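**Q** The structure is given below, and queries will be raised subsequently.
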Amino acid sequence: MTQHSRDTPQFYLTAPSPCPYLPGRHERKVFTHLVGDKAGDLNDLLTHGGFRRSQSIAYRPACDQCRACVSVRVIANEFRLSRNFRKIMARNADIVGEQRSAVPTSEQYSVFRAYLDQRHRHGGMADMTVLDYAMMVEDSHVETRIVEYRRRGVDSGVTGKGGELVAVALTDVLSDGLSMVYSFFEPSEESRSLGTFMILDHITRARRQGLPYVYLGYWIEGSKKMDYKGRFLPQQRLAPSGWLRIDASGEVPSEPQD
């Protein structure tokens, strides 16, 4: 790859394939490579425009006659815990999150493998090996972190070190927020609502770091797999006119956000 192609991204369009979220539809994606010294700046810019990162690729849907996938970001400073969210936080009071460098471990892969086998055994990631997992974590040219969530060990004190690993989040640090690239959890702990707990924890982390948003990826109205993202309010959803604010009463009429 030449220096010119590194600094000037080239965009490509995938062939149609069955949509994993809406039955009977097909998806296409536009994508580019995130490499070189400016990968972080490009990732910021593209995320603001509705792209997501997967390893060294940034992509967004480009489906014919369908705009169901909507980029969502939670407004961290204005977010307030609902009664249900408070219950989830209390249920996981014994779980401690620790941010680490994006380095894969066999312990993480064990949880990842159990998660895929239980919840996504027919999905596109079902056959991922330990080497595939390592690439998912390490193949990043932007600022990426792993947040490990563990039970408090008997001798671990407040750090949680040494406790059982129950959940993991792979997260990018952007100029204006945290982008949750991928998260997974021990399926035997499903009653804890760990997926929701990790989002709530990231909202807290964004506040502490002075970052205004937590990017959750795509919300798809009517999709059971994605509909949960609409619960984290207030939030902004990316429309053709820009980012539009949504709160408990619905869309707030205002100028699009930058």
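Numbering-wise, the sequence shown is residues 4 to 261 according to my numbering. We put the CB at the ideal spot given by N, CA and C, even for glycine. Just so we're clear, the structure is a prediction, and the values are computed from it rather than from any experiment.
In angstroms with no decimal places, state the Cα-to-Cα distance between Tyr152 and Val145.
**A** Their backbone Cα atoms lie some 22 Å apart in a straight line.
**Q** Gly166: which of Gly100, Gly43, Ala242 sits nearest, CA to CA?
**A** Considering only alpha carbons, the answer is Gly100.
**Q** Keeping to the same chain, check which residues put their C-beta closer than 6 Å to that of Val133; ignore five residues upstream and five downstream.
**A** If we look at Val133 and ignore the five residues flanking it on each side, its Cβ neighbours are Tyr112.
**Q** Which same chain residues end up closer than 8 Å to Ala266 when comparing Cβ atoms and leaving out the 5 residues on each side of it in sequence?
**A** Not covered by the structure: residue 266. The range shown for the chain is 4 to 261.
**Q** I'd like to know if the region 86 to 94 and the region 211 to 231 are in contact, where contact means that at least 3 CB-CB pairs between them fall below 8 Å.
**A** With a cut-off of 8 Å, the region 211 to 231 and the region 86 to 94 do not count as touching, because too few Cβ pairs lie within range.
**Q** Taking only the alpha-carbon atoms, compute the straight-line gap between Leu203 and Lys232 and give it to the nearest angstrom.
**A** Approximately 11 Å between the Cα atoms of the pair.
**Q** Beta carbon of Ser104, beta carbon of Arg56: below 9 Å?
**A** Cβ distance not < 9 Å, so Ser104 and Arg56 don't count as in contact.
**Q** Whole angstroms are fine: how far does the CA of Phe82 sit from the CA of Tyr218?
**A** Whole-angstrom Cα-Cα distance: 13 Å.
**Q** Using three-state DSSP, classify Met183 as helix, strand or coil.
**A** In this structure, Met183 counts as strand in the three-state DSSP scheme.
**Q** Does the region 208 to 215 come close enough to the region 179 to 186 that 3 or more CB-CB pairs lie under 8 Å?
**A** The region 179 to 186 vs the region 208 to 215: in contact.
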